[in-house]
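So the protein lines, in turn, are chains Z and R. 82 is the number that the numbering used here gives to position 78 of the first sequence; each next residue is one higher, with no gaps. 952 is the number that the numbering used here gives to position 445 of the second sequence; each next residue is one higher, with no gaps. Okay, structure first, notes after.
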Amino acid sequence: MKSECENQSFERDVESVFEKHSSEPSSLIPILQTAQETFGYLPRDVVEKIAEYLELPVSKIYGVATFYAQFRFEPLGDHMIRVCHGTACHVKGADKIGEAVENKLGIETGETTEDGQFTLERVACLGCCSLAPVMMVDDTAHGDLTREKAKDIIKKYEEDGHD
Amino acid sequence: MTEKSIRVGYASCGIAAGAGEVYQALEKSLKEHELDIGLEKVGCIGMCHNEPIVEIEDDEGTYTYGNLEIEDVDELVKNHLVEEIPYKDKLITSTDQEYDYFSKQRKVVLRNSGIIDPESIEEYKEREGYEALEKALDMEPQEIIDTIKESNLRGRGGAGFPTGMKWQFAKDAEKDEKYLICNADEGDPGAFMDRSVLEGDPHAVLEGMIIGAYATGASKGYIYCRAEYPIAVKRLKIAIEKARDRGFLGKNILDTDFSFDIQIKEGAGAFVCGEETALMHSIEGERGMPRPRPPFPAQEGLFGKPTNINNVETWANVPWIMRNGAEEFSSIGTEESGGTKVFALAGKIKRGGLVEVPIGTSLREVIFDIGGGIADEKDFKAVQLGGPSGGCLTTDHLDTPVDYETLTEAGAIMGSGGMIVMDEDDCMVNVAHYFLDFTQEESCGKCTFCRVGTKRLLEMLEDFSKGKGGDEDIEKLKEMADKIKKHSLCGLGQTAPNPVLTTLRYFEDEYKAHLEEETCPASVCRELITYTISQDCIGCGTCAEECPADSISGESQEVHVIDQAACIKCGACQEVCPVDAVEVE
Chain Z
5 MKSECENQSF
15 ERDVESVFEK
25 HSSEPSSLIP
35 ILQTAQETFG
45 YLPRDVVEKI
55 AEYLELPVSK
65 IYGVATFYAQ
75 FRFEPLGDHM
85 IRVCHGTACH
95 VKGADKIGEA
105 VENKLGIETG
115 ETTEDGQFTL
125 ERVACLGCCS
135 LAPVMMVDDT
145 AHGDLTREKA
155 KDIIKKYEED
165 GHD
Chain R
508 MTEKSIRVGY
518 ASCGIAAGAG
528 EVYQALEKSL
538 KEHELDIGLE
548 KVGCIGMCHN
558 EPIVEIEDDE
568 GTYTYGNLEI
578 EDVDELVKNH
588 LVEEIPYKDK
598 LITSTDQEYD
608 YFSKQRKVVL
618 RNSGIIDPES
628 IEEYKEREGY
638 EALEKALDME
648 PQEIIDTIKE
658 SNLRGRGGAG
668 FPTGMKWQFA
678 KDAEKDEKYL
688 ICNADEGDPG
698 AFMDRSVLEG
708 DPHAVLEGMI
718 IGAYATGASK
728 GYIYCRAEYP
738 IAVKRLKIAI
748 EKARDRGFLG
758 KNILDTDFSF
768 DIQIKEGAGA
778 FVCGEETALM
788 HSIEGERGMP
798 RPRPPFPAQE
808 GLFGKPTNIN
818 NVETWANVPW
828 IMRNGAEEFS
838 SIGTEESGGT
848 KVFALAGKIK
858 RGGLVEVPIG
868 TSLREVIFDI
878 GGGIADEKDF
888 KAVQLGGPSG
898 GCLTTDHLDT
908 PVDYETLTEA
918 GAIMGSGGMI
928 VMDEDDCMVN
938 VAHYFLDFTQ
948 EESCGKCTFC
958 RVGTKRLLEM
968 LEDFSKGKGG
978 DEDIEKLKEM
988 ADKIKKHSLC
998 GLGQTAPNPV
1008 LTTLRYFEDE
1018 YKAHLEEETC
1028 PASVCRELIT
1038 YTISQDCIGC
1048 GTCAEECPAD
1058 SISGESQEVH
1068 VIDQAACIKC
1078 GACQEVCPVD
1088 AVEVE
């Protein structure tokens, strides 16, 4: 259960999402995008609010949201690691980079570390093909990776996290 | 002293390679040396293999510096700008030198990319920007469509449908309200042409769209942009805002009766949305699933209204054609197809980057003359064109002209323009598996042939990569691939088997080696390879420490051994061995 104070801030956040969009059905995807930006993911109660706002069933909202890879329904780690699996990265050993990161973090791709520090994902292509293999940590792309380099990069984020 | 200006390549790959840090270091160094020289952020310069790139221009020409580290910046400033001697250590080329990377290229779509500040409408206007629109508004819509028809411009999204004809259908549809869409949902892995155009010259795309809207009678336009391209979206937003301020967009454009406005819609990560009917469903707020055609979008498209949809690169060609004329444009390419094509050249290539060549240029010219050939002294094996919908071509095709017809005949497609070069270390069964894994994952699930068919194909390829299967399975694979192509609803399924079919057609021996001899000639497929440690081992223990499966043992200073039962064949030992004692076969 949310406290009253939490509830008020939740309502305010939800309102701020709706202020930016009309209640036309075609606003659904932009609303989901803004909501995810605001909350970090799409919690059930937010999805219910969106359904109310657009006057659509909750199932319809989930139907659309689950179709697109961008939307998530679980909270994320503090840092998002995206290992690129584009064609150029694939031929230059993206699988090995992904494995090294999995081993380093002790999680599988698609999971979040227990301490909530990292979420690991694979992406189809980041479009920096000349720097392959590439991974992106939050908004920073790291290119020309080797297993060692990838692990060192994560180590740096781990250390910064404990400052 | 001559007037100088400095440009820093500030597209996604540049930023990823450290252009931000280089820009800051330049700012600081210029200040320290009290130099008052214009410093500018520009779009993709095209030589991604040399990022970060800085260009210095003066009255005599342009000097291109690449692979810059922060430590180089001060030296560069001291040498080139204070003492006025080019800084040779990092100089890639200058205008007084013949440089293959550029001399075979012809810039139409990328003419402004890497030269102007994409956030400045003034700089776009200085290079004849929006002049094509002014000219077009003095013409009859039909005259514009005729010009586009005569230019032989064909859709750059992949299928190559004649653009002028598409516009004609939209114009002829009699409805009060019509729409126009720019497809910027560039989803092929290994392709970044559209992103670079949007990041480097967003006004060219807008100008093309406004002209297209006037010609077809559309009142509202959408740019459907991939969500993974935040810089492109940001620059487009700025460009739209500025175009509105100047009266190029909005009500009564340039004081005429014509009104048109553009809105950006960000995609949400679904490859199938590159298909036009799926894309339109996505804009409408639905699941991005395709529907059968007819009705074609030109009759019944977005929100049920006639809609004309073209790809980013197609739109960016339009202002050039209107300014320079249809004849000039059609003289660049081949008889069937006018103009140039932009390719994203990547993979095992020496000089990868964004390359624009006249349609009809041979693969050899692109890969060897422009791209400089294969990296690390390896042998060329194949080139993959057109992403997951395309195919792999071989040495035999190097002299094939790159145009829509010849590529389709060879089993590949022009596609949107991804060109991935592969060398002797790449396994073709693995490559086919890679692409099919992608399309299978991205199949929306609406039609059975695509949903179930790609899954079954993938399972067969998985077996092949383990050495399981026989000749009859290869036949079965071909048959199934053929059925998927014929019976899938949209382009995704209809082209998904292409990578499998072309690799089979040109590398059947390699498939057979997997099945008959249970070997992977390129040493890629894990189930068919073995790692061993040779007598060269110095017993340093680095590999044992690195091994994620703890499968390596041995005394210090003695030859180590891999426990084959425990080995997961990840190759980590090989990567760290200081004396190259780990062998794979």
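C-beta atoms are modelled at their ideal positions from N, C-alpha and C, and glycine is treated no differently. Just so it is clear, the structure is predicted and the values come from calculations on it, not from any experiment.
Interface residues of chain Z facing residue i [CB-CB closer than 8 Å]
i	result
GLN947(R)	In chain order: nothing, as chain Z lies at least about 13 Å away.
Chain-ordered chain R contacts of residue i [CB-CB under 7 Å]
i	result
GLN74(Z)	ALA734, ALA775, GLY776
VAL105(Z)	Within chain R, no residue comes near VAL105(Z); the closest Cβ sits about 11 Å away, beyond 7 Å.
PRO47(Z)	Result: empty, since nearest Cβ-Cβ is about 18 Å, beyond 7 Å.
GLY90(Z)	PRO696, GLY697
SER30(Z)	ILE790, GLU791, GLY792
THR117(Z)	Going along chain R, no residue has its Cβ under 7 Å from THR117(Z), so there is no contact; the nearest lies around 17 Å.
Residue i versus residue j - alpha carbon distance
i	j	result
VAL580(R)	TYR572(R)	10 Å
GLY1078(R)	ALA73(Z)	31 Å
ASP167(Z)	ALA145(Z)	Residue placement at ASP167(Z) is poorly supported in this model, since its pLDDT is 48, which falls under 50; the coordinates still yield a value, given next. For ASP167(Z) and ALA145(Z), the distance between alpha carbons rounds to 23 Å.
LYS108(Z)	CYS1050(R)	16 Å
GLY67(Z)	ASP903(R)	48 Å
CYS1032(R)	LYS673(R)	45 Å
GLY525(R)	ALA136(Z)	15 Å
TYR45(Z)	ALA739(R)	24 Å
ILE651(R)	GLU969(R)	52 Å
SER950(R)	PHE810(R)	24 Å
ARG800(R)	ASP708(R)	33 Å
SER134(Z)	LEU713(R)	28 Å
GLN1001(R)	ILE54(Z)	36 Å
LYS727(R)	TYR911(R)	31 Å
LEU900(R)	CYS934(R)	14 Å
GLY120(Z)	GLU78(Z)	12 Å
LYS685(R)	GLU1015(R)	49 Å
PRO802(R)	LYS678(R)	16 Å
LEU984(R)	MET967(R)	7 Å
CYS1074(R)	GLU791(R)	51 Å
CYS997(R)	ALA698(R)	21 Å
GLU1052(R)	ASP1087(R)	16 Å
MET646(R)	LEU660(R)	19 Å
THR915(R)	MET921(R)	7 Å
GLY893(R)	TYR736(R)	20 Å
Residue(s) in a DSSP beta bridge with residue i
i	result
GLN770(R)	TYR729(R)
ALA851(R)	LEU861(R), GLY925(R)
PHE887(R)	ASP930(R)
THR571(R)	GLU562(R), THR600(R)
SER30(Z)	Answer is none; SER30(Z) lacks a bridge partner.
HIS83(Z)	PHE122(Z)
LYS548(R)	VAL515(R)
ILE1059(R)	ILE1069(R)
ASN690(R)	TYR731(R), ASN818(R)
PRO908(R)	SER869(R)
Beta-carbon separation (whole angstroms), residue i vs residue j, contact threshold 8 Å
i	j	result
VAL105(Z)	ALA154(Z)	6 Å
ARG702(R)	SER519(R)	6 Å
LYS611(R)	ILE856(R)	LYS611(R) to ILE856(R), Cβ: 15 Å. No contact.
ILE769(R)	ILE745(R)	Incorrect: roughly 13 Å between the Cβ atoms, too far for contact.
ILE1069(R)	SER1058(R)	6 Å
ALA823(R)	VAL616(R)	5 Å
GLY621(R)	GLY671(R)	No, GLY621(R) and GLY671(R) are not in contact; Cβ-Cβ is about 29 Å, not under 8 Å.
LEU644(R)	THR723(R)	Contact doesn't hold; Cβ gap of about 14 Å is too wide.
Interface residues of chain R facing residue i [CB-CB closer than 9 Å]
i	result
LYS100(Z)	CYS1077, GLY1078, ALA1079, GLU1082
ARG126(Z)	Those within 9 Å of ARG126(Z) in chain R number zero; the least Cβ separation is about 10 Å.
Contact list for residue i against chain R, beta-carbon separation under 8 Å
i	result
VAL169(Z)	Outside the shown range of chain Z, which is 5 to 167, sits residue 169(Z), and nothing can be said about it.
VAL68(Z)	GLY792, GLU793, ARG794
Contacts that residue i makes with chain Z (C-beta to C-beta distance below 7 Å)
i	result
GLY728(R)	Simply none; closest approach about 15 Å.
CYS555(R)	SER134
ALA524(R)	LEU135, GLY147
Neighbour list for residue i in chain Z, Cβ cutoff strictly below 9 Å
i	result
CYS520(R)	GLY131, CYS132, CYS133, SER134, LEU135, ALA145, GLY147
Start-end ranges of the alpha helix (DSSP H) lying completely within the stretch 593 to 661 of chain R, minimum 4 residues: As far as the stretch 593 to 661 of chain R is concerned, its whole alpha helix (DSSP H) runs of at least 4 residues are 607 to 610, 628 to 633, 638 to 644, 648 to 658.
Ranges of the beta strand (DSSP E) found wholly within the stretch 100 to 167 of chain Z, counting only runs of at least 3: Complete beta strand (DSSP E) runs here, min 3: 122 to 127, 139 to 141, 144 to 146.
Where the stretch 804 to 817 of chain R meets chain B: residues whose CB sits under 7 Å from a CB there: Among the chains of the structure shown, chain B does not appear; the protein chains present are Z and R.
Uninterrupted alpha helix (DSSP H) stretches inside the stretch 661 to 685 of chain R (no shorter than 4 residues): Correct list: 670 to 679.
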